[in-house]
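Undergrad: Have a look at the structure that comes next, please.
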Amino acid sequence: MTVSPVAAIANAAQALPSLAGINTDATSVGGLAPVQAATTTPSTSGTDFGTLLANGIDSLEGLQNNSSNLAVQAATGDLGALQDYTIASTEASTATQLAVTLRNQAVSAFNQILNMPA
Amino acid sequence: MSDFGAFNTLRIADEALGAHQTWLDAISNNIANINTYEPTSQSAFQAQYPIFQSDPDGGVVVSGIAESDPQGIEVSMPDSPLADDKGYVRAPDESMSTQMGMLIMAQQGYQASVSVTKTAQTEYDAALQIGK
Chain C
16 MTVSPVAAIA
26 NAAQALPSLA
36 GINTDATSVG
46 GLAPVQAATT
56 TPSTSGTDFG
66 TLLANGIDSL
76 EGLQNNSSNL
86 AVQAATGDLG
96 ALQDYTIAST
106 EASTATQLAV
116 TLRNQAVSAF
126 NQILNMPA
Chain L
64 MSDFGAFNTL
74 RIADEALGAH
84 QTWLDAISNN
94 IANINTYEPT
104 SQSAFQAQYP
114 IFQSDPDGGV
124 VVSGIAESDP
134 QGIEVSMPDS
144 PLADDKGYVR
154 APDESMSTQM
164 GMLIMAQQGY
174 QASVSVTKTA
184 QTEYDAALQI
194 GK
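If you read the protein sequences in the order shown, they are chains C and L.
The numbering of the first sequence is the numbering used here, which starts it at 16 and goes up by one.
The numbering of the second sequence is the numbering used here, which starts it at 64 and goes up by one.
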């Protein structure tokens, strides 16, 4: 069984400790005690970004598989309704674009943190 | 419900396209058989009409197919090999003008749903621009 590119990205996202450490709990970001925040462990009440990303990519993979299956049906003449394929294809395409946009934003945010003056 | 709620508009439009496709299929069958005669000893060709029902989750589904009267219309065609002693055959109980009118309705309903999918795509593209 080969690992699809999408699943590989999902695994990589979960393995990234720096990304997983980014907490989506807004209260831990806006606090006025940066020194204290740096010394205490991050709050675990929010879902971490890596998990969110991995879940999103799982959904994306489902949409892409659905679209691929319907594409095969269209090619073999087994497709019952044309609109099922065109709509599944649109969903997969839009979801992929959304995932890419989120990934770009995450990388951008990560780079901004890295480029902070020491 | 769809497993991906963000695409509800597309799912609803997909159901509408499917329902109208069924209607178009039924109309084409009705028109194809408008000149199908049967002997009076048998039932006439029955025109088919899909019954549309709204989906509680949004959308429309075909809940059943209604059929025209199996008695049909008895017409005099003495020369037909199907004619009975009195020269009658059974014609389907449907008119070409009604079927053509429904054909236009079904086609425009289908096209309207295609417009919905295009609008949804434009909307999703616009939403993606927020993140760029």
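For glycine and all other residues, C-beta sits at the position ideal for the given N, C-alpha and C.
Note that the coordinates shown come from a computational prediction; the quantities given were computed from them, not determined experimentally.
Could you have a look at SER65/L and say whether DSSP puts it in helix, strand or coil?
TA: Taking the second sequence and counting its residues from 1, one reaches residue 65/L at position 2. Confidence at SER65/L is low in this model, with a pLDDT of 43, below 50, so the placement of that residue is unreliable and no value is reported for it.
Undergrad: Is the segment 68 to 78 of chain L in contact with the segment 170 to 183 of chain L, if contact means three or more CB pairs nearer than 8 Å?
TA: With a cut-off of 8 Å, the segment 170 to 183 of chain L and the segment 68 to 78 of chain L count as touching, because enough Cβ pairs lie within range.
Undergrad: Using a Cβ-Cβ cut-off of 8 Å, state whether GLN196/L counts as contacting chain C.
TA: Outside the shown range of chain L (64 to 195) lies residue 196/L, about which nothing can therefore be said.
Undergrad: Which residues in chain C have a C-beta closer than 7 Å to the C-beta of GLN73/L? List them in chain order.
TA: Position 10 of the second sequence holds residue 73/L. The question names Gln, but residue 73/L in the sequence shown is Leu. In chain order: ILE102, THR105 and GLU106.
Undergrad: So does the segment 130 to 145 of chain L actually touch the segment 154 to 168 of chain L, counting three or more Cβ pairs closer than 8 Å?
TA: Enough Cβ pairs lie closer than 8 Å, so yes.
Undergrad: I want to see whether chain C comes within less than 8 Å of GLY135/L, judged by CB atoms only; does it?
TA: Taking the first residue of the second sequence as position 1, residue 135/L is located at position 72. Cβ-Cβ to chain C under 8 Å: no for GLY135/L.
Undergrad: Return helix, strand or coil for GLY127/L, following the three-state DSSP convention.
TA: Here residue 127/L refers to the residue found at position 64 of the second sequence. If DSSP states are grouped into helix, strand and coil, GLY127/L belongs with the strands.
Undergrad: Report the three-state DSSP secondary structure of ALA190/L (helix, strand or coil).
TA: By 1-based counting over the second sequence, the position of residue 190/L is 127. Three-state DSSP puts ALA190/L in a helix.
Undergrad: Run down chain L in chain order and give the residues with a C-beta less than 9 Å from the C-beta of ASP99/C.
TA: The residue you call residue 99/C lines up with position 84 of the first sequence. Near ASP99/C (Cβ distances below 9 Å), the residues of chain L are ASP77, LEU80 and GLY81.
Undergrad: If you check the beta carbons only, do TYR100/L and MET140/L fall under 8 Å apart?
TA: Your numbering for residue 100/L matches position 37 in the second sequence. Your numbering for residue 140/L matches position 77 in the second sequence. Yes, the Cβ-Cβ distance between TYR100/L and MET140/L is below 8 Å.
Undergrad: I'd like the ranges of any alpha helix (DSSP H) spanning at least 4 consecutive residues and lying wholly in the segment 59 to 87 of chain C.
TA: Here no run is fully enclosed.
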